[in-house]
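Here this note's numbering is used: the first residue of the sequence shown is 608, the next is one more, and so on. Note that beta-carbon positions come from the ideal geometry of N, C-alpha and C, so glycine has one too. All figures in this text were calculated on a predicted structure; none of them were measured in a lab.
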Amino acid sequence: MPAKISIIGAGNVGATSAQRIVERGYADVVLVDIVEGLPQGKALDILQSAPVINFKTAITGTNDYKDTAGSGVVIITAGLFRKPGMTRDQLLAANAEIVSGVIGKVVKYSPECIILMVSNPLDAMTYLAVKASRFPRKRVVGMSGVLDSARLSTFIASELKVSPKDISAWVLGAHGLNMVVIPRLTTVRGKPLTELLSKETIDKLVERTIHGGREIVDLLKMGSAFYAPSAGIARMAESIVLDKKETLPCAALLDGEYGIKDSVIGVPVKLGRGGIEEIVEFELSAAEKQLLYDSAEGIKELIKQLGV
Ligand SMILES: NC(=O)c1ccc[n+]([C@@H]2O[C@H](COP(=O)([O-])OP(=O)(O)OC[C@H]3O[C@@H](n4cnc5c(N)ncnc54)[C@H](O)[C@@H]3O)[C@@H](O)[C@H]2O)c1
Numbered sequence: 608m609p610a611k612i613s614i615i616g617a618g619n620v621g622a623t624s625a626q627r628i629v630e631r632g633y634a635d636v637v638l639v640d641i642v643e644g645l646p647q648g649k650a651l652d653i654l655q656s657a658p659v660i661n662f663k664t665a666i667t668g669t670n671d672y673k674d675t676a677g678s679g680v681v682i683i684t685a686g687l688f689r690k691p692g693m694t695r696d697q698l699l700a701a702n703a704e705i706v707s708g709v710i711g712k713v714v715k716y717s718p719e720c721i722i723l724m725v726s727n728p729l730d731a732m733t734y735l736a737v738k739a740s741r742f743p744r745k746r747v748v749g750m751s752g753v754l755d756s757a758r759l760s761t762f763i764a765s766e767l768k769v770s771p772k773d774i775s776a777w778v779l780g781a782h783g784l785n786m787v788v789i790p791r792l793t794t795v796r797g798k799p800l801t802e803l804l805s806k807e808t809i810d811k812l813v814e815r816t817i818h819g820g821r822e823i824v825d826l827l828k829m830g831s832a833f834y835a836p837s838a839g840i841a842r843m844a845e846s847i848v849l850d851k852k853e854t855l856p857c858a859a860l861l862d863g864e865y866g867i868k869d870s871v872i873g874v875p876v877k878l879g880r881g882g883i884e885e886i887v888e889f890e891l892s893a894a895e896k897q898l899l900y901d902s903a904e905g906i907k908e909l910i911k912q913l914g915v
């Protein structure tokens, strides 16, 4: 029997994630939104692509959380996105209110689920989800590093004219300006990036990665990225539902790993049926560890404003 995944927020990110998941065929999807008709209309539209795409999984839309009951994974994309000129952090107050309300209803109907947080500012919202759900930390994970690493891989692939599949990139730290990119850990066909490109070129690609979301916001003007984010969400959901145990860069609440406590930050995470099955500790130099630590301190400042 396919697993059941609920997606809260049927906007650009939520609906595109729903499409990717049902098309892959590993889970039925329930799409939820506060706007009446929106999740129902999008779900029906996606369902009507089944005869053409040939998937058998079910998708329904609803405004009632009862329909989410017994979900194995709940993906939270409800909330505001940033407009040109805004940072993700400026969404904190508005999205904290939305996410707090959503979490209460999610937990009521799916007390055993794994929460996959997407709403921004991602690290603070993931922290809020751990606290508001009272779930063990292994059952709350945030999507950021898969997207940021995919952006870096895309830029490296076009610079070196290689397949993005030949690149293993690790973007850690906060999902924002304090992102931690360690070029030494990024390899192309097994070779560290630092042996393939000059420092100047690497710095340029890293800078573009850090501002990758803003570049798209500035182009779209009335929306933020959703195709690449939904690809990251679907990959994480698949690793959980199919117990693939992939190690991916994800936002997780740390309790001493990397010398960091009580902050959510992007780190390598083994994702399986149990959610966060392991926080993998890469060997970092003292300077690299410091970068991660400073990034976590920045998130702690945001977390303080949540008052949880
Ligand atoms: N983590 C990441 O890497 C990443 C990437 C892209 C977007 N995001 C974030 O994801 C969120 C969604 O982005 P989007 O582009 O899909 O925005 P969107 O406006 O297209 O969709 C958001 C949806 O949330 C719904 N919503 C609002 N309040 C709700 C509530 N209380 N209950 C249920 N639904 C509610 C809205 O009606 C809307 O349909 C934003 O916060 C954005 O910043 C995060």
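Exercise for the section: State yes or no: is the C-beta of S902 nearer than 7 Å to some heavy atom of ligand 1? Expected result: no
Practice task
Would you grab the beta carbon distance between R787 and L860 for me? Rounded to a whole angstrom, and I think it's under 8 Å.
Solution key: The identity of residue 787 in the sequence shown is Val, whereas the question assumes Arg. Not a contact, Cβ separation roughly 17 Å.
Handout entry: Residues bridged to L860 [DSSP beta-bridge criterion]
Key = V871
Handout entry: Under the three-state DSSP convention, the category A676 falls into
Key = coil
Practice task
Taking I721 as part of the beta strand (DSSP E), name the residues at either end of that continuous run.
Solution key: I721 to M724
Exercise for the section: Tell me the start and end of each unbroken alpha helix (DSSP H) in the stretch 613-688 that is at least 4 residues and wholly inside, in chain order. Expected result: 619-631, 645-654 and 657-660
Exercise for the section: Given a cut-off of 8 Å, decide if P875 and S756 are closer than it, judged by their beta-carbon atoms. Expected result: no
Exercise for the section: Go ahead and label M608 buried or exposed: buried means 16 or more other beta carbons lie within 10 angstroms of its beta carbon, across all protein chains shown. Expected result: exposed
Problem - Whole-angstrom distance between F688 and A701, CA atom to CA atom - result: 10 Å
Exercise for the section: Look at L638 and A622 and say whether their C-beta atoms are less than 8 Å apart. Expected result: yes
Practice task
Leaving out five residues on either side along the sequence, give the residues of the same chain with a beta carbon under 7 Å from the beta carbon of E853.
Solution key: S846 and L878
Practice task
Could you tell me whether any non-hydrogen atom of ligand 1 is closer than 7 Å to the CB of N702?
Solution key: yes
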